[in-house]
Amino acid sequence: MFTDAFAKRFGRDLHPDANTVNAYNGMLLLAGAMKQGKGDQRAVIAALDAGKIEGPNGPLAVIQHYASQQAYIGRASGDGTIAVAESSPPIAPKVNCDK
Numbered sequence: 263m264f265t266d267a268f269a270k271r272f273g274r275d276l277h278p279d280a281n282t283v284n285a286y287n288g289m290l291l292l293a294g295a296m297k298q299g300k301g302d303q304r305a306v307i308a309a310l311d312a313g314k315i316e317g318p319n320g321p322l323a324v325i326q327h328y329a330s331q332q333a334y335i336g337r338a339s340g341d342g343t344i345a346v347a348e349s350s351p352p353i354a355p356k357v358n359c360d361k
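Going letter by letter, the sequence shown gives residues 263 to 361 in my numbering.
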């Protein structure tokens with residue numbers, strides 16, 4: 263869905279990168295929080311803090327003000343495609359960790 267919509271808008275020669283997907287995920291979170299918060303600033307912030315979406319690169323959840331998502335290891339092919347070789351469950355942030 264995401265890649266098809268991206269290609270329709272920008273053409274098949276341009277491919278979304280990690281920054282594109284992260285920006286899209288951020289806008290999905292913000293749009294959902296604004297809809298849920300109905301314009302109330304505190305409600306929007308609370309909705310962002312509890313945000314969960316299904317983004318183009320998998321599930322994303324906000325945990326302790328950080329975006330938590332799966333990590334992927336990919337295998338590139340000669341035709342330019344990348345296949346997922348392994349993935350992890352969403353990685354929770356380590357906040358206030360000891361140095």
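Backbone N, C-alpha and C define an ideal beta-carbon position, used for all residues, glycine too.
Computed from a predicted structure; not experimentally measured.
Alpha-carbon to alpha-carbon, residue j and residue i
{"i": "residue 354", "j": "residue 322", "result": "10 Å"}
{"i": "residue 231", "j": "residue 263", "result": "Only positions 263 to 361 of the chain appear in this structure, which leaves residue 231 out of reach."}
{"i": "residue 300", "j": "residue 340", "result": "48 Å"}
{"i": "residue 347", "j": "residue 338", "result": "10 Å"}
{"i": "residue 351", "j": "residue 290", "result": "21 Å"}
{"i": "residue 334", "j": "residue 267", "result": "23 Å"}
{"i": "residue 297", "j": "residue 343", "result": "36 Å"}
{"i": "residue 356", "j": "residue 324", "result": "13 Å"}
{"i": "residue 293", "j": "residue 345", "result": "30 Å"}
Paired residues, beta bridge with residue i - DSSP
{"i": "residue 329", "result": "324"}
{"i": "residue 314", "result": "323"}
{"i": "residue 334", "result": "349"}
Within 9 Å, strictly: CB atoms of residue i and residue j
{"i": "residue 317", "j": "residue 331", "result": "yes"}
{"i": "residue 329", "j": "residue 358", "result": "no"}
Buried/exposed call for residue i, threshold 16 Cβ in 10 Å
{"i": "residue 295", "result": "buried"}
{"i": "residue 307", "result": "exposed"}
Original post:
Would you call the region 270-287 and the region 298-314 touching, i.e. three or more CB-CB distances under 8 Å?
Top reply: By the criterion of at least three beta-carbon pairs nearer than 8 Å, the region 270-287 is not in contact with the region 298-314.
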